[in-house]
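Trainee: If you're matching positions, the sequence shown starts at 13 in the working numbering and goes up one per residue. By construction, the Cβ of each residue, glycine as well, lies at the ideal position given by its N, Cα and C atoms. Here it is, the structure, as structure tokens.
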Amino acid sequence: KLIAEHLIPSALIGFTAYWLTGQGHLITIALLTGWLIDSDHLLDFFMAKWRGKIIDTWQTSIKSGSYFKSSGKIIVFLHSYELATLWLLVWGALGEWEIGIVGSFAWLIHLAIDHFSYSLNIYTYFLSYRVYKKFDINAICSEK
């Protein structure tokens, strides 16, 4: 489930963009921004493991999400509306609107799937909000 929940929508976005534009690299862009942003979970896990907060294996801890509770932090810096917007603006400024639109759309779909799957407060996926709350899981998850 963990792989398919973001891989399938990202692949659909990428292949649709390819079909519409003929630009094959847009498949990679959609997979990068819509699926591989979950790699930030590994960074969070290893940061918590390094601080001695986790005893589970990374597979068990990430699959269950228990590392969030163990570490007391929700960082996942790539899970960010601001970064998805920045992606669009930077690529647009470079004249690569297709990359900007496809990438930010796949990114936002990823965030929407997560948001509705975990029913968190609307601000949770703003990196600035998590920074403001010092990434503290109790502060972030207490408000709905």
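Alpha carbon to alpha carbon, how far is residue 35 from residue 103?
Mentor: Roughly 15 angstroms between the two C-alpha positions.
Trainee: Within this structure, are the beta carbons of residue 26 and residue 42 separated by less than 9 angstroms?
Mentor: Yes, the pair counts as a contact, with Cβ atoms nearer than the cut-off.
Trainee: Less than 9 angstroms between the C-beta atoms of residue 92 and residue 149, yes or no?
Mentor: It is not a contact, given that the beta carbons lie outside the stated cut-off.
Trainee: For residue 39, collect the residues of the same chain with a Cβ closer than 8 angstroms to its Cβ; drop the 5 residues on either side in sequence, then sort them by chain order.
Mentor: Same-chain partners within the cutoff: 23, 26, 27, 29, 30.
Trainee: So, helix, strand or coil for residue 85, using DSSP?
Mentor: Here residue 85 sits in strand by DSSP.
Trainee: If you draw a straight line from the alpha carbon of residue 46 to that of residue 119, how long is it in whole angstroms?
Mentor: Taking the straight line from one Cα to the other gives about 5 angstroms.
Trainee: Inspect the beta-carbon positions of residue 126 and residue 90 and report whether they are closer than 9 angstroms.
Mentor: No, Cβ-Cβ distance for residue 126 and residue 90 is not below 9 angstroms.
Trainee: Among residues of its own chain, excluding the 5 on either side of residue 147, which ones have a beta-carbon nearer than 7 angstroms to its beta-carbon?
Mentor: These residues qualify, in order along the chain: 85, 86, 87.
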